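J.: Let me give you the structure first, and then I'll get to my questions.
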């Protein structure tokens, strides 16, 4: 057993939660953009959607937000939610451990880092919530039933 890993476990759990919600956010953006591109294409099909979705996997989260904004008019609050989510994700993934290395060396520092990590999670989650307000309408326009998909997805999870 690695004592450093054990000591860091509460921090690592919070960082893992942020990574998970960040991937959910990125997936939601890719999904929304692929739907929008499909709706622009008169020959929208599952294979067209799959191609668009896969091609978007090569783009950064920031680039996906810019692409999304090109396809749909978004208000300032929506834009702020996406931007704030991106900033929180980037802070976690690219800078958190480096910026806080001295703080994380002590028990108290690790303990004190948890509220900040929880706040970062909330910021990314706000981006997911913002997308969740837009995606169901895009799904309906593309012929999908968001309610059926939501029920199926929820029933697949064992809690």
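In this note's numbering, the protein residues as written are 959 to 1117. The C-beta atom is built at its ideal place from N, Cα and C for all residues, glycine as well. Source: prediction; values computed, not measured.
Is it a yes or a no for the segment 980-996 touching the segment 1078-1096, going by three-plus beta-carbon pairs under 8 Å?
T.: The segment 980-996 is in contact with the segment 1078-1096.
J.: Could you check how far apart the C-beta atoms of residue 1084 and residue 1043 are, in whole angstroms? I think they sit under 8 Å.
T.: Along the chain shown, one-based indexing puts residue 1084 at 126. Along the chain shown, one-based indexing puts residue 1043 at 85. Yes, they are in contact, since the Cβ atoms of residue 1084 and residue 1043 sit about 6 Å apart, within 8 Å.
J.: For residue 1108, is the beta carbon positioned less than 7 Å from some heavy atom of the ligand FMN?
T.: The ligand FMN is not part of the structure shown, which contains no ligands of any sort.
J.: Considering only the beta carbon of each residue, do residue 1086 and residue 1007 sit closer than 8 Å?
T.: Start at 1 with the first residue of the chain shown, and residue 1086 comes out as number 128. Start at 1 with the first residue of the chain shown, and residue 1007 comes out as number 49. Their beta carbons are not under 8 Å apart, which means residue 1086 does not touch residue 1007 by this criterion.
J.: Taking residue 969 as the reference, which of 1059, 1102, 1088 has the closest Cα?
T.: For this step, residue 969 is matched to residue 11 along the chain shown. It is 1059.
J.: For the alpha helix (DSSP H) containing residue 1033, list its first residue and its last residue.
T.: Here residue 1033 refers to the residue found at position 75 of the chain shown. Residue 1033 -> no alpha helix (DSSP H), and no H or E assigned at all.
J.: Counting Cβ pairs, one atom from each stretch, are 3 or more of them under 8 Å apart for the segment 1038-1056 and the segment 1100-1117?
T.: As far as the Cβ criterion goes, the segment 1038-1056 does not touch the segment 1100-1117, which means the pair count is below three.
J.: Tell me the rounded alpha-carbon separation between residue 987 and residue 998.
T.: For the purposes of this step, residue 987 is taken as residue 29 along the chain shown, with counting starting at 1. For the purposes of this step, residue 998 is taken as residue 40 along the chain shown, with counting starting at 1. Cα-Cα distance, rounded: 17 Å.
J.: Work out the CA separation of residue 1026 and residue 1116 for me, nearest whole Å.
T.: To locate residue 1116, count along the chain shown from 1; it is residue 158. To locate residue 1026, count along the chain shown from 1; it is residue 68. Distance between the alpha carbons of residue 1116 and residue 1026 is about 32 Å.
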